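The structure under discussion appears below in the form of structure tokens.
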Amino acid sequence: SDLLISRKEVDSPSPVSVVDREKLVDAGVTNIGDVLQKIPAQGNAINAQNNNGGDGSTRISLRSLGSARTLVLLNGRRVVSSGLGANSSVDFGTIPLAMIERVEVLKDGASAVYGSDAIAGVVNVITRTNFSGTEANIYTATSSQRDGTNYDLSFVTGHSSNRGNITFSGGYQQQIGK
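This note's numbering puts the last residue of the sequence shown at 286; the count rises by one with no breaks.
What follows is the structure in structure tokens.
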């Protein structure tokens with residue numbers, strides 16, 4: 109089954125928000141973290157535009173409890189942290205947008221199920237499977253003040269048959285600011 113966080117979207121005491129591929133593409137951003145940082149439950153985690161002394165990474169901090177207290181899963185499995193020491197949380201810039209099918213966000217604490225790193229909630233990134241063909245995207249954007257430009261080149265290719273599937277994705281992203 110594709111559904112890795114059990115959910116009842118409306119009548120559950122712990123609702124799960126789902127951001128599907130169509131919403132991700134329509135958002136007009138190059139980083140999944142930029143989409144997730146717009147959800148109301150997300151606090152003040154660093155990103156590439158406002159990193160406040162950070163390293164240009166994009167992290168998620170549900171309920172403003174810190175990015176180390178928001179568990180990030182990839183297809184239901186824990187993701188290796190991208191930082192060092194106090195910054196040991198997942199950088200969403202390392203997950204290619206071209207490979208993402210949907211993102212499930214459990215905005216309530218889930219420490220009873222997942223442990224202390226899920227006190228703020230859980231973000232589960234589901235990748236594309238059974239992909240056949242090739243898809244390439246080029247995205248450029250410039251700020252209204254003309255003081256920053258984003259470039260994103262990505263592709264995904266795959267083959268699927270009754271014996272299994274294989275998918276490969278690559279990309280290049282650059283953010284230029286004055």
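Every residue gets a Cβ at the ideal spot worked out from N, C-alpha and C, and that includes glycine.
As the structure is a computational prediction, the values presented were derived from the model and not from experiment.
Based on the DSSP output, what are the partners of Val143 in its beta bridges?
According to DSSP, which records beta bridges pairwise, Val143 is partnered with nothing at all.
Just to confirm, is the Cβ distance from Val230 to Tyr222 under 8 Å?
Yes, these two residues count as a Cβ contact at 8 Å.
With distances taken between CB atoms, is the gap from Asp210 to Val127 smaller than 8 Å?
A small fix is needed here, since residue 210 is Arg in this sequence, not Asp. Going by C-beta atoms, Arg210 is nearer than 8 Å to Val127.
Taking 6 Å as the limit between beta carbons, can you name the residues of its chain near Phe239, skipping five residues before and five after?
So the qualifying residues of the chain are Gly266 and Thr275.
Would you say Val198 and Arg236 are within 8 Å of each other, going by their C-beta atoms?
Cβ atoms of Val198 and Arg236: not closer than 8 Å.
Below 8 Å on the Cβ atoms is my contact criterion, and I expect Gly256 with Gln283 to pass it. Report the Cβ-Cβ distance as a whole number of Å.
Contact flag correct, Cβ pair sits at about 7 Å.
Does the separation of the CB atoms of Ser277 and Ala206 fall below 8 Å?
Yes.
Would you mind giving the Cβ-Cβ distance between Ala176 and Asp134, rounded to the nearest angstrom? I have them listed as a contact below 8 Å.
Ala176 to Asp134, Cβ: 31 Å. No contact.
In its own chain, which residues sit with a C-beta less than 8 Å from the C-beta of Ser169, not counting the 5 before and 5 after it?
If we look at Ser169 and ignore the five residues flanking it on each side, its Cβ neighbours are Gln150, Gly151, Asn152, Ala153, Ser175, Arg177, Thr178 and Ala228.
Could you round the C-beta distance between Ile140 and Phe200 to whole angstroms and report it? I think they count as a contact, below 8 Å.
Contact flag correct, Cβ pair sits at about 5 Å.
Which residues in the same chain have their Cβ closer than 8 Å to the Cβ of Thr248, if we skip the five residues on either side of it in sequence?
Excluding residues within five positions, the ones whose Cβ falls inside 8 Å are Thr257, Asn258, Tyr259 and Asp260.
How many angstroms separate the CA atom of Ser252 from the CA atom of Gly136?
So the alpha carbons of these two residues sit roughly 14 Å apart.
Output yes or no for whether 8 Å exceeds the beta carbon distance between Glu243 and Val213.
No, these two residues do not count as a Cβ contact at 8 Å.
Give me the Cβ distance between Leu132 and Val124, rounded to the nearest whole Å; I'm assuming they're in contact under 8 Å.
About 16 Å separates the two Cβ atoms, so there is no contact after all.
Can you tell me whether Ile246 is buried or exposed? The criterion is at least 16 other CB atoms within 10 Å of its CB, across all chains shown.
Result: exposed.
Cutting at 8 Å between CB atoms, please list the residues of its own chain near Gln145, excluding the five before and the five after it.
Closer than 8 Å at the Cβ level, and outside the excluded window around Gln145, lie Ala153, Asn155, Thr166 and Ile168.
For Thr250, tell me which candidate among Asn183, Gly285 and Asn273 has the shortest Cα-Cα distance.
Checked all of Asn183, Gly285 and Asn273; the closest Cα to Thr250 is Gly285.
For Leu173, which residues of its own chain have a beta-carbon under 8 Å away from its beta-carbon, when the five flanking residues on both sides are left out?
Excluding sequence neighbours, Leu173 sits near Gly151, Ile227 and Ala228.
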